[in-house]
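Residue numbers (my numbering): 91 to 316.
Quick reminder that beta carbons are idealized off the backbone N, C-alpha and C, glycines included.
Note that the structure is a prediction, hence the values are computed from the model and not measured.
So the structure is just underneath, and the comments pick up after that.
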Amino acid sequence: MTAGITASPTVSAAETPSGEASTGYHYRDAIRLLFILALGSEPSGDEPDAPRVFRGEKRAMAIDFLVRYPDFLADELLTRYEAEDDAGILDVVEGIFAADEPDVRLVRMVRWHRGAFQNIETPLAILRSRHLVRPLRQAGGQRRHDFVVEPAAFAFMRSVVEQQPSLAWYRERAELVMTLAKLRSGSSLKDDQYLHPEYKDAPLGTEIPSIKERVLARLRRLREAA
Numbered sequence: 091m092t093a094g095i096t097a098s099p100t101v102s103a104a105e106t107p108s109g110e111a112s113t114g115y116h117y118r119d120a121i122r123l124l125f126i127l128a129l130g131s132e133p134s135g136d137e138p139d140a141p142r143v144f145r146g147e148k149r150a151m152a153i154d155f156l157v158r159y160p161d162f163l164a165d166e167l168l169t170r171y172e173a174e175d176d177a178g179i180l181d182v183v184e185g186i187f188a189a190d191e192p193d194v195r196l197v198r199m200v201r202w203h204r205g206a207f208q209n210i211e212t213p214l215a216i217l218r219s220r221h222l223v224r225p226l227r228q229a230g231g232q233r234r235h236d237f238v239v240e241p242a243a244f245a246f247m248r249s250v251v252e253q254q255p256s257l258a259w260y261r262e263r264a265e266l267v268m269t270l271a272k273l274r275s276g277s278s279l280k281d282d283q284y285l286h287p288e289y290k291d292a293p294l295g296t297e298i299p300s301i302k303e304r305v306l307a308r309l310r311r312l313r314e315a316a
């Protein structure tokens with residue numbers, strides 16, 4: 091089971107999915123989604139081994155956007171730095187650019203009616219087939235926009251990181267994004283993303299562009315003023 095979901099952990103974000111290569115993209119998307127849903131979930135009951143719940147597909151999309159766009163995440167962190175004056179935040183942002191993440195880790199999303207969008211049905215189906223995550227359902231079988239994270243998901247995440255240490259980046263990045271997102275709603279998170287003209291003004295159906303250079307310039311100004 092573990093080998094199946096980590097079949098292509100090193101697929102480059104710069105490649106175009108096609109043919110067999112698209113399989114690697116599906117597994118990569120499933121791993122990223124798993125870390126987001128698991129680390130952004132909350133207890134569903136008092137039992138320590140009870141499943142957890144991630145609230146809101148829109149929230150998942152907004153958090154996924156920050157994982158997929160390191161430059162937008164860096165800008166959010168700089169806003170936090172200005173509010174908290176914590177020099178460690180500047181170090182984190184500089185690390186994002188030193189690792190060239192806005193290019194190497196960028197996985198573009200399409201601008202749609204409700205902001206950044208990615209169809210998660212295939213990665214969700216992969217996770218569900220392995221009994222790690224499942225959608226909640228209302229009476230009558232209509233799917234709600236929440237997700238149950240099974241206890242097995244956490245053991246699975248530990249296992250895949252042990253087998254493929256490079257996948258620890260997804261855990262660490264999801265943890266970092268959660269320090270910003272916390273339990274905020276998807277609408278609240280997307281409101282912040284709409285403040286960027288590159289996001290807000292992207293034509294429907296087109297990929298949201300990078301803001302790398304603008305964020306780098308902001309980082310330099312803040313570092314010089316520190």
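- Only residues of its own chain outside the window of five on either side were considered, and among them Pro213 have a CB closer than 6 Å to the CB of aspartate 119, listed in chain order.
- Per the C-alpha coordinates, the member of Ile186, Glu252, Glu303, Gly135 positioned closest to valine 267 is Ile186.
- When Leu123, Asp161, Tyr159 are compared, the shortest CA-CA separation from phenylalanine 144 is found for Leu123.
- Sorting Pro138, Glu314, Ala292 by C-alpha distance to the C-alpha of phenylalanine 207 places Ala292 at the top.
- Rounded to the nearest angstrom, the gap between the Cα atoms of aspartate 181 and valine 157 is 18 Å.
- Here valine 250 is near isoleucine 121, since their CB atoms are less than 9 Å apart.
- Taking alanine 164 as the centre and dropping the five residues before and after it, the same chain places the C-beta of Val183, Ile186, Val305 closer than 6 Å to its C-beta, in chain order.
- In the DSSP assignment, valine 143 forms a beta bridge with Glu132, Val238.
- With contacts defined by Cβ atoms closer than 9 Å, tyrosine 117 and arginine 201 do not form a contacting pair.
- Excluding the 5 residues flanking it on each side, glycine 130 has same chain C-beta neighbours closer than 8 Å at Phe144, Arg149, Ala150, Ile153, Ala264, Met268, Ala271, in chain order.
- At least 9 Å separates the beta-carbon of proline 141 from that of glutamate 191.
- Non-local beta-carbon contacts of alanine 177 in its own chain, meaning distances under 7 Å to residues more than five positions away in sequence, involve Ala316 in chain order.
- For the 9 Å CB-CB criterion, glycine 276 and glutamate 147 form a contact.
- Here the alpha carbon of lysine 280 sits roughly 7 Å from the alpha carbon of glycine 205.
- Nearest neighbour of methionine 247 by Cα position, chosen from Pro225, Leu217, Asp236, Phe162, turns out to be Leu217.
- For the pair isoleucine 298 and methionine 199, the CB atoms are nearer than the 9 Å cut-off.
- Boundaries of the beta strand (DSSP E) harbouring arginine 201: 200-202, taken from the DSSP string.
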